[in-house]
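Number of protein chains: 2
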Amino acid sequence: MLIEIDFSSDEAIYQQLCNQIILGIATSRLTDGEVLPSVRQMADEIGINMHTVNKAYTILRQEGFVKVDRRRGAFVSVGDRNRERAIRLVEKDMRVILAEARCRGLSKQDMLALVDRIYDEYDGGIRTDDQ
Amino acid sequence: MLIEIDFSSDEAIYQQLCNQIILGIATSRLTDGEVLPSVRQMADEIGINMHTVNKAYTILRQEGFVKVDRRRGAFVSVGDRNRERAIRLVEKDMRVILAEARCRGLSKQDMLALVDRIYDEYDGGIRTDDQ
DNA sequence: CACCTGTTATAACATATATATAACAGGTGG
DNA sequence: CCACCTGTTATATATATGTTATAACAGGTG
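Chains as they are written, first to last, in numbering that gives the first Met the number 0: chain Z, 0 to 130; chain S, 0 to 130.
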């Protein structure tokens with residue numbers, strides 16, 4: 000999967016990496032069990048340091064999106080999860096986003112439509128146009 | 000409005016401040032035109048530095064949630080906004096959240112229900128229980 | 001044994017965050 | 001005019017975080 004880093008972004012590189020890999024899993028560009036490039040290889044491809052990639056992998060491992068096999072290296076893992084715990088994890092961030100949306104005058108219907116649209120893109124699989 | 004800062008959080012203090020004020024506006028605990036505590040007063044109340052509060056106010060001003068009157072100081076401003084621009088601003092963050100939700104096994108219906116529930120809390124006005 | 005994997009350690013540097021102290025321009029009220 | 005409030009700006013300092021660099025280690029592969 001192609002990783003693109005915005006070096007002028009205020010978002011940390013390791014954070015962008017995490018997000019793009021999670022985005023990749025959600026859009027089926029990365030599938031369960033798929034091997035990820037090694038920390039050194041990924042670092043070379045992107046043009047960043049090995050430790051920055053390692054930090055991203057470590058975080059993804061802690062969050063349960065990646066596992067490590069001594070033999071193969073890091074690979075995607077979307078193991079079964081606790082539904083209520085998942086909702087609790089997502090809920091806090093969602094509250095912040097919805098608060099901002101509501102302050103900007105967006106209605107509940109606006110946000111429901113947005114969620115519906117984005118989720119359809121994910122379920123629809125790989126998109127060929129702009130991200 | 001009561002502001003509570005988690006000093007052990009990995010989230011920056013000025014960021015927590017911004018989020019809580021936006022949350023406050025969304026939940027009608029802060030209303031349009033309402034005067035905010037001065038940077039010095041707010042800093043004293045919370046127990047942080049004046050500049051940290053000033054940074055939060057500056058960001059909120061840039062995002063259009065706060066305006067400054069030479070005479071009164073800072074006050075809440077939820078002026079009319081461009082709907083499409085608002086959606087565009089919220090969309091990127093929403094993609095990240097929904098990707099994570101989907102990876103954790105949450106369905107579109109789960110997320111629609113979550114949005115529905117949170118938005119109802121906001122529209123319902125002030126809540127007396129937790130958060 | 002050479003080569004790959006993730007992991008750890010250490011150092012160095014840049015940037016971000018938070019604090020402290022001070023000053024300034026503009027507005028308010030005595 | 002004068003004291004007092006407002007946000008704003010400047011400067012310095014301390015700490016935390018992010019990123020890079022170099023090096024080494026244990027474990028697995030061929």
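C-beta atoms are modelled at their ideal positions from N, C-alpha and C, and glycine is treated no differently.
> With which residues is D68/Z paired in a DSSP beta bridge?
Replying inline: Here the question's residue 68/Z lines up with position 69 in the first sequence. According to DSSP, D68/Z bridges with G72/Z.
>> Going by beta-carbon coordinates alone, are I24/Z and F74/Z separated by less than 8 Å?
In response: Residue mapping note: residue 24/Z aligns to position 25 of the first sequence, counting from 1. Residue mapping note: residue 74/Z aligns to position 75 of the first sequence, counting from 1. No; because the gap between Cβ atoms is not below 8 Å, this pair is not in contact.
> Which of the residues in the segment 59-78 of chain S, read from start to end, lie with their CB under 7 Å from any CB of chain Z?
Replying inline: F64, V77
> In chain order, what residues of the same chain have a beta carbon less than 7 Å from the beta carbon of E33/S, not counting five sequence neighbours either side?
Replying inline: Translated into positions along the second sequence, residue 33/S becomes position 34. Closer than 7 Å at the Cβ level, and outside the excluded window around E33/S, lie F74, V75.
> Taking just the CA atoms, how far does R94/Z sit from I117/S?
Replying inline: Residue 117/S sits at position 118 when you count from the first residue of the second sequence. Residue 94/Z sits at position 95 when you count from the first residue of the first sequence. Each residue's alpha carbon lies about 7 Å from the other.
> According to DSSP, is V34/Z helix, strand or coil?
Replying inline: Your numbering for residue 34/Z matches position 35 in the first sequence. It is a strand residue.
> Straight-line CA distance for K107/Z to Q19/Z?
Replying inline: Locating residue 107/Z in the first sequence gives position 108, where the first residue counts as 1. Locating residue 19/Z in the first sequence gives position 20, where the first residue counts as 1. Taking the straight line from one Cα to the other gives about 27 Å.
> What residue range is occupied by the uninterrupted alpha helix (DSSP H) comprising L22/S?
Replying inline: On the second sequence, residue 22/S is found 23 positions in, with the first residue counted as 1. Counting along the chain, the alpha helix (DSSP H) containing L22/S begins and ends at 12-25.
>> Tell me the residue span of the alpha helix (DSSP H) that contains N53/Z.
In response: In the first sequence, residue 53/Z corresponds to position 54, counting from 1. Per DSSP, N53/Z belongs to the alpha helix (DSSP H) from 49-61.
> Considering only residues of the segment 81-114 of chain Z, which uninterrupted alpha helix (DSSP H) runs meet the minimum length of 4 residues and lie entirely inside it, listed in chain order?
Replying inline: 82-102
> Between K54/Z and chain S, is there a C-beta pair that is closer than 8 Å?
Replying inline: Along the first sequence, one-based indexing puts residue 54/Z at 55. No - not a single Cβ of chain S is within 8 Å of the one on K54/Z.
> Quick one: is A100/Z near chain S, going by C-beta distance under 8 Å?
Replying inline: Locating residue 100/Z in the first sequence gives position 101, counting from the first residue. Yes, A100/Z counts as interfacial toward chain S.
>> Looking only at its chain, what residues have a beta carbon closer than 8 Å to the beta carbon of Q61/S, apart from the 5 residues adjacent to it on each side?
In response: For the purposes of this step, residue 61/S is identified with residue 62 of the second sequence, where counting begins at 1. Cβ within range, chain order: n/a, list empty.
> Alpha carbon to alpha carbon, what distance is there between L113/S and E90/Z?
Replying inline: Locating residue 90/Z in the first sequence gives position 91, where the first residue counts as 1. Locating residue 113/S in the second sequence gives position 114, where the first residue counts as 1. Approximately 8 Å, taken between the alpha carbons.
>> If you reduce the DSSP assignment to three classes, tell me which class R116/S lands in.
In response: Counting from 1 along the second sequence, the entry for residue 116/S is found at position 117. In this structure, R116/S counts as helix in the three-state DSSP scheme.
>> Taking the alpha-carbon of L88/Z as reference, which of T30/S, E83/S, R101/S has the nearest alpha-carbon?
In response: Your numbering for residue 88/Z matches position 89 in the first sequence. Of the candidates T30/S, E83/S, R101/S, the one whose C-alpha sits nearest the C-alpha of L88/Z is R101/S.
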